[in-house]
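Participant: Pasting a structure here, questions to come.
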Amino acid sequence: MHTDAVKPMRVKRAQTLLGEVAMPGDKSISHRALLLGALASGETVISGLLEAFDIMASAQALRELGATIERDGKNWRVIGRGTSGLRQPDKALDFGNSGTAVRLMMGVLAGHDLSARLIGDSSLSSRPMGRVLTPLMQMGLEITGENHDVLPLDLRGSNDLVPIQYELPVASAQVKSAIMFAALQAPGQTTIIEPKPTRDHSERMMRHFGASIGVEPFGPAGRKITVAGQAELQGCNVIVPGDPSSAAFVVAAALIVPGSDLIVRNVLINPTRTGFYETLIEMGGDIVFENKRDAAGEPVADIHVRHSPLSGVVVPPERAPSMIDEYPCLAVLAAYATGQTRMEGLEELRVKESDRLAATKAGLDAAGVRSRIEGDVLIVEGCGSGEVRGGGIVATNMDHRIAMAFLTLGLGSSQPMQVDDVSIIDTSFPGFLPMMEAFGVRYEEPDRQGGVS
Ligand code: S3P
């Protein structure tokens, strides 16, 4: 959980970044590995699990529900309780800052005959939950408290779920996955239509644990996913690859700082997650996926990135689900590009850890970069490589990605850049600051008067 005191930080223009670095485990895959391990029979051994606040929230909630989850040397070991085998928790389940943890857990709880109170921090408590509850209530989940869309929520699951057919009204892997977790515990077959494809880690990992999951094309770009119910999941070994959403900041740093040449090792390159990299290549970024390989059903590569002049592009709305967490970072790179970058179809950014559309624009304003929001489109007027002013203070609003994005902007700006809180970074990327420091980046804690202590 995010309990640290707020910690402001300032960063100065960096010297050339050279060398190689490995990324911490993918956040989405880490949550799913713990949840499926807890629903499986027997032991699951997870290597590369992300040890960040968000994942520890999933782990702690599963422990409250009776699963055994412990670190075992470099790995994590989960002793599952079998499908629908979790037990009544003694206290409220606290999901901290993590939308993925709470939403996926709702799908798990739906199939259990138990009551639970779900709570989170102030950021999580302002995010919409109705999008997940609507299909789960059709399956048999009950809301027993007053709130129907926001935490705290009081829920009662059922060991008598019904399978459904559901078309996702929003492109959300969290909603899709919550239904899939419930569907594993329902009788018969549940069908989910996603008009726009979203990350497919649940599909891949449920199969890895022995579930029967069908995936077919649907319409021009969508997919139809079928889940065979009353699945008997078997504990197994899971390898969590490095997180491409975390690697985004390191890749961005190398693109921004002249002369940089970095290899970012062991990064997930699942095509439902690589929209950011595709966009950077279109902008002229020198990015190569080397040493492509498979890690327990997910494609992985080393990303070789060299500093490059970038040009503005139009990022189409259909690409949004494959890079939804990377827009703040892309907006920062757009500031260093020549010409305009137009990012379309960003309505989902309004309901992330903060209103990321507004927070990204506010950060660009603080850095002296011209941008505007037109409906769900963000337009950034590039300043050109080496021409970004910087110098402002950015409000992170309990949003780890806003913090990392604007610290990255400061690596090339003429004036130092400051963010109001870096403690929140541990939500997804513990070790981000020391890792960048190892490349020679200098962070300074400003004193209360605004000077550097
Ligand atoms: C996630 C899905 C995305 C993403 C989040 C992780 C997941 O959310 O923003 O960080 O693991 O399924 P939505 O699916 O709600 O867009």
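For reference, each letter of the sequence shown is one residue, going 99 to 551 in the working numbering. We put the CB at the ideal spot given by N, CA and C, even for glycine. Since the structure is predicted, the reported quantities are computational estimates derived from the model, not experimental observations.
1. Beta strand (DSSP E) containing residue 438: first to last residue?
2. Just to confirm the assignment: which complete alpha helix (DSSP H) runs, minimum length 4, are found wholly within the region 324-406?
3. So what's residue 263 in DSSP terms, helix, strand or just coil?
4. Kindly indicate which residue of 104, 116, 138, 469 has the alpha-carbon position closest to the one of residue 92.
5. Examine the ligand S3P and report whether any of its heavy atoms sits within less than 8 angstroms of the Cβ of residue 294.
6. Are the region 124-137 and the region 145-162 in contact at 8 angstroms, needing three or more beta carbon pairs?
7. Enumerated in chain order, which unbroken segments of the beta strand (DSSP E) with a length of 3 residues or greater are wholly contained in the region 245-308?
8. By the 10 Å Cβ neighbour count, where 16 or more other Cβ atoms means buried, how is residue 403 classified, buried or exposed?
9. Let me check you understand the geometry: is the CB of residue 129 closer than 8 angstroms to at least one non-hydrogen atom of the ligand S3P?
10. Roughly how many angstroms lie between the CA atoms of residue 537 and residue 121, to the nearest whole one?
11. Using three-state DSSP, classify residue 163 as helix, strand or coil.
12. With a threshold of 6 angstroms on Cβ separation, who are the neighbours of residue 166 within its own chain once the five nearest residues in sequence on each side are excluded?
13. Residue 458 by DSSP, collapsed to three states: which one?
14. What span of residues does the beta strand (DSSP E) with residue 535 cover, start to end?
15. The alpha helix (DSSP H) with residue 433 in it runs from where to where?
16. Is it true that the CB of residue 243 sits closer than 9 angstroms to the CB of residue 251?
17. Decide if the region 288-297 is in contact with the region 336-347; the criterion is three or more beta carbon pairs, one per stretch, under 8 angstroms apart.
18. Assuming residue 205 is part of the alpha helix (DSSP H), what are its boundary residues?
19. If you run the structure through DSSP and keep just helix, strand and coil, what is residue 551?
20. With a threshold of 8 angstroms, establish whether the CB of residue 299 neighbours any heavy atom of the ligand S3P.
21. From this set, 361, 539, 161, which residue's C-alpha is nearest residue 185's C-alpha?
22. Restricting to Cα atoms, I'd like to know which of 284, 360, 370, 374 is closest to residue 330.
23. Do the region 486-505 and the region 453-463 meet, that is, are 3 or more Cβ pairs less than 8 angstroms apart?
24. So the beta strand (DSSP E) residue 475 belongs to, where does it begin and stop?
25. Using CA atoms only, rank isn't needed, just tell me which of 356, 487, 388, 274 is closest to residue 400.
26. Look at residue 247 and residue 231 and say whether their C-beta atoms are less than 9 angstroms apart.
27. Any chance the region 422-429 sits against the region 391-400, with 3 or more Cβ pairs inside 8 angstroms?
28. Identify whether residue 122 lies in helix, strand or coil by the three-state DSSP scheme.
29. My guess is that residue 427 and residue 350 are in contact by the Cβ rule of under 8 angstroms, so how many angstroms apart are they, rounded?
30. Does at least one heavy atom of the ligand S3P sit under 8 angstroms from the Cβ of residue 323?
31. Tell me the rounded alpha-carbon separation between residue 318 and residue 444.
32. Would you tell me roughly how many angstroms separate the C-alpha atoms of residue 240 and residue 322, rounded to the nearest one?
33. Under the rule that 16 or more other beta-carbon atoms within 10 Å means buried, what is residue 535, buried or exposed?
34. When burial is assigned at 16 or more other CB atoms within 10 Å of the CB, is residue 301 buried or exposed?
35. Is any non-hydrogen atom of the ligand S3P found closer than 8 angstroms to the C-beta of residue 395, if you look at the structure I gave you?
36. What are the residues that DSSP puts in a beta bridge with residue 542?
Facilitator: Put simply:
1. 438-441
2. 342-354, 373-380
3. strand
4. As shown, the chain starts at 99 and ends at 551. That puts residue 92 outside it, with no answer to give.
5. no
6. yes
7. 251-254, 263-265, 287-292
8. buried
9. yes
10. 14 angstroms
11. coil
12. 177
13. helix
14. It is not in any beta strand (DSSP E) - residue 535 instead sits in the alpha helix (DSSP H) that spans 530-536.
15. 425-434
16. yes
17. no
18. 197-208
19. In this predicted model, residue 551 has a pLDDT of only 38, less than 50, meaning its place in the structure is not dependable; the value taken from the coordinates is given anyway. Looking at residue 551 - three-state DSSP - the assignment turns out to be coil, as it is neither helix nor strand.
20. yes
21. 161
22. 284
23. yes
24. 475-479
25. 388
26. yes
27. no
28. coil
29. 5 angstroms
30. no
31. 21 angstroms
32. 26 angstroms
33. exposed
34. buried
35. no
36. 108
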